[in-house]
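Read through the structure below, which is laid out as structure tokens, and then see the notes.
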Amino acid sequence: MKTAISFVALTAALSFSATVPPIKQLPFGEVDGKPISIYLLKNAAGMEVTITNYGGAVTSIKVPDRNKALGNVVLGFDSVAPYQTTTSYFGALIGRYGNRIGKAEFQLEGKVYHIPANENGNALHGGTTGFNKRIWDAKDVSTAKAPALEMHYLSPDGEMGFPGNLDVTVRYTLDAKNGLEIDYSATTDKATVLNLTNHTYFNLAGAGNDTVLKHRLTIRADHYTPVDGALLPTGVVQAVEGTPFDFRHGNVIGSRINEDNEQLKLGKGYDHNFVLNEPHTLKQWAVRVEERSTGRVMEVFTDQPAVQFYTGNFLDGTAHGVGGDFKFRSAICLETQHYPDSPNHPNFPSTELRPGEKYHTVTIYRFSTEE
Ligand code: GLA
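Per the numbering used here, residue 398 is the first one in the sequence shown, and the count goes up by one each step.
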């Protein structure tokens with residue numbers, strides 16, 4: 398009898414700890430007269446993520462350090478207004494085409510398409526009004542095990558010059574092992590190109606800390622794509638061996654960032670597309686970041702062929718957000734993606750999507766600690 402009671406108590410305790418609190422929806426301001434919300438996702442381990450339906454942006458991620466103290470590790474703001482004016486894409490969903498398209502144009506099936514240029518005559522992150530400046534529909538799709546928020550946006554045919562009505566769904570799931578999974582899917586009714594990603598800025602020491610130069614980074618990439626003066630890929634796929642781009646065995650980010658290296662000068666630091674080694678699966682991490690003072694670790698899993706590693710070289714302290722001023726190199730972005738400007742480089746993996754096909758890709762940012 399005694400055993401039976403404790404068994405019941407144990408199952409009750411287990412099912413209780415496995416049940417996640419419901420997603421909380423809170424006001425975040427207004428855009429064009431429409432109320433914007435922020436959604437708070439919490440898991441049983443205590444990790445907290447907030448996401449807004451403006452730009453589908455991740456606005457904070459709170460994870461424990463090695464002493465179990467929760468801290469926010471991403472750059473963000475506490476209301477929607479700064480997200481409307483910033484040009485730094487804080488936390489946002491990026492589309493239709495992450496990174497640059499040269500001369501803001503491309504050809505597809507014999508037709509030339511023009512995107513409104515927003516950087517040196519080129520298109521950056523989808524043109525003048527990308528997915529980061531759109532209002533998404535948000536829906537709670539949580540299960541008993543994991544809070545999940547689904548974002549939906551229908552990008553009309555011709556928006557920012559891209560062909561096809563593009564129906565996009567992005568699902569954020571916070572799993573029980575402190576992973577934030579981003580699941581992207583899309584369909585089109587005309588042949589088009591797309592390259593979706595997320596532009597969260599991470600500082601594992603805590604948002605508002607001065608630099609990320611002491612973070613230690615490992616990238617499973619034997620190659621990267623060098624850039625020209627406009628940060629467009631030259632088309633060459635270059636070995637990282639013997640260069641400051643060799644992160645295969647783990648390097649402190651700041652150890653070589655100021656070297657007299659042409660590519661680092663063009664990027665004002667790291668702002669380059671790393672070609673991930675195959676296989677591109679979620680079974681092993683592609684990127685690992687460690688921050689010694691807090692013991693925090695982040696591993697990035699992705700099925701994408703590449704990752705843009707950016708050291709916040711355009712941040713200059715003028716944006717003031719939660720945690721302080723966002724200074725030069727005070728965060729890193731790890732934008733899992735296809736190569737920049739692929740539509741203009743037939744030697745790069747294709748970013749084309751046709752009617753009847755389904756675009757589907759997953760990236761997970763998983764947090765843990767080490768001694
Ligand atoms: C990307 C680009 C950078 C910069 C940021 C946004 O990471 O590669 O050059 O434009 O977005 O500031």
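Glycine is no exception: its CB is placed at the ideal position from the N, C-alpha and C atoms.
Is the separation between the beta-carbon of residue i and that of residue j shorter than 9 Å?
{"i": "T371", "j": "M548", "result": "Residue 371 lies beyond the stretch modelled for the chain, which goes from 398 to 768, so this question has no answer here."}
{"i": "K665", "j": "F711", "result": "yes"}
{"i": "T631", "j": "Q734", "result": "no"}
{"i": "G443", "j": "G718", "result": "no"}
{"i": "V460", "j": "G468", "result": "yes"}
{"i": "V694", "j": "E578", "result": "no"}
{"i": "H677", "j": "P623", "result": "no"}
{"i": "F642", "j": "Q660", "result": "yes"}
{"i": "A545", "j": "D537", "result": "yes"}
{"i": "V772", "j": "A441", "result": "The structure shown does not extend to residue 772, since the chain is modelled only from 398 to 768, so the question has no answer here."}
{"i": "V590", "j": "S739", "result": "yes"}
{"i": "I761", "j": "G576", "result": "yes"}
{"i": "G709", "j": "Y598", "result": "yes"}
{"i": "D554", "j": "D586", "result": "yes"}
{"i": "G561", "j": "A541", "result": "no"}
{"i": "G692", "j": "T640", "result": "no"}
{"i": "F559", "j": "Y494", "result": "yes"}
Please indicate yes or no: does the CB of residue i lie closer than 8 Å to some heavy atom of ligand 3?
{"i": "S765", "result": "Among the ligands modelled here, namely ligand 1, ligand 3 does not occur."}
Just confirm the distance between the C-beta atoms of residue i and residue j, as a whole number of angstroms; I'd bet it's less than 8 Å.
{"i": "S539", "j": "I420", "result": "6 Å"}
{"i": "R531", "j": "Y510", "result": "Incorrect: roughly 19 Å between the Cβ atoms, too far for contact."}
{"i": "V697", "j": "A683", "result": "6 Å"}
{"i": "Y707", "j": "Y667", "result": "7 Å"}
{"i": "R763", "j": "L628", "result": "Their Cβ separation, rounded to whole angstroms, is 29 Å, which puts R763 and L628 out of contact at 8 Å."}
{"i": "V477", "j": "T449", "result": "6 Å"}
{"i": "D619", "j": "A636", "result": "6 Å"}
{"i": "L438", "j": "L571", "result": "5 Å"}
{"i": "E675", "j": "V704", "result": "Not a contact, Cβ separation roughly 14 Å."}
{"i": "A501", "j": "Y480", "result": "About 24 Å separates the two Cβ atoms, so there is no contact after all."}
{"i": "G647", "j": "T615", "result": "4 Å"}
{"i": "I435", "j": "E427", "result": "Not really, about 13 Å apart at Cβ, beyond 8 Å."}
{"i": "N741", "j": "G527", "result": "Between G527 and N741 the Cβ distance is about 18 Å, and since that is not below 8 Å, they are no contact."}
{"i": "G488", "j": "T456", "result": "6 Å"}
Report the residue from the options whose alpha carbon sits nearest the alpha carbon of residue i.
{"i": "A583", "options": "E427, F764 and H757", "result": "H757"}
{"i": "L601", "options": "D586, R463 and I761", "result": "R463"}
{"i": "H596", "options": "G492, Y667, D738 and Q660", "result": "G492"}
{"i": "P513", "options": "G507, L505, G523 and Q504", "result": "G523"}
{"i": "I458", "options": "E768, P743, G651 and G720", "result": "G720"}
{"i": "D580", "options": "E767, S765, E768 and K755", "result": "K755"}
{"i": "Q681", "options": "T691, T699 and G692", "result": "T699"}
{"i": "V567", "options": "G651, P432 and N592", "result": "N592"}
{"i": "T484", "options": "L679, N529, S434 and K465", "result": "N529"}
{"i": "R685", "options": "E656, N658 and V649", "result": "V649"}
{"i": "F745", "options": "A716, Q701 and D722", "result": "Q701"}
{"i": "L423", "options": "D429, T482, R653 and D475", "result": "D475"}
{"i": "A716", "options": "R653, T482, D429 and L563", "result": "T482"}
{"i": "E445", "options": "K574, L679, D722 and N606", "result": "K574"}
{"i": "Y569", "options": "L563, Q504, L490 and R617", "result": "L490"}
{"i": "E768", "options": "N658, R689 and F425", "result": "R689"}
{"i": "G753", "options": "R653, G714, N606 and L563", "result": "L563"}
{"i": "D722", "options": "E687, N606, L505 and F425", "result": "N606"}
Does residue i have its Cβ less than 9 Å from a Cβ in chain C?
{"i": "T566", "result": "Among the protein chains of the structure shown there is no chain C, as only one such chain exists."}
Contiguous alpha helix (DSSP H) assignments of at least 4 residues, all confined to the segment 458 to 508: Listed in chain order, they are 478 to 482.
Along the chain, which unbroken stretches of the beta strand (DSSP E) at least 3 residues long are found entirely within the segment 511 to 594? Qualifying beta strand (DSSP E) stretches, in chain order: 534 to 537, 545 to 552, 563 to 571 and 576 to 585.
For the structure I just gave you, are there three or more beta carbon pairs, one from the segment 719 to 732 and one from the segment 609 to 618, closer than 8 Å? By the criterion of at least three beta-carbon pairs nearer than 8 Å, the segment 719 to 732 is in contact with the segment 609 to 618.
Inter-stretch contact at 8 Å, needing at least 3 Cβ pairs: the segment 740 to 760 / the segment 512 to 519: At 8 Å Cβ cutoff, the stretches do not touch.
In the segment 599 to 662, which residue ranges form an unbroken beta strand (DSSP E) of at least 3 residues, counting only runs that do not cross its ends? If we require 3 residues or more, the beta strand (DSSP E) runs fully inside the segment 599 to 662 come out as 613 to 616 and 620 to 622.
Can you list, in chain order, the stretches of the beta strand (DSSP E) that have 3 or more residues and sit fully within the segment 677 to 726? The segment 677 to 726 contains these whole beta strand (DSSP E) runs: 684 to 688, 693 to 699 and 703 to 707.
Ignoring anything shorter than 3 residues, give me the beta strand (DSSP E) runs that lie fully in the segment 724 to 751, in order along the chain. Taking only runs of at least 3 residues, the beta strand (DSSP E) segments lying wholly in the segment 724 to 751 are 729 to 734.
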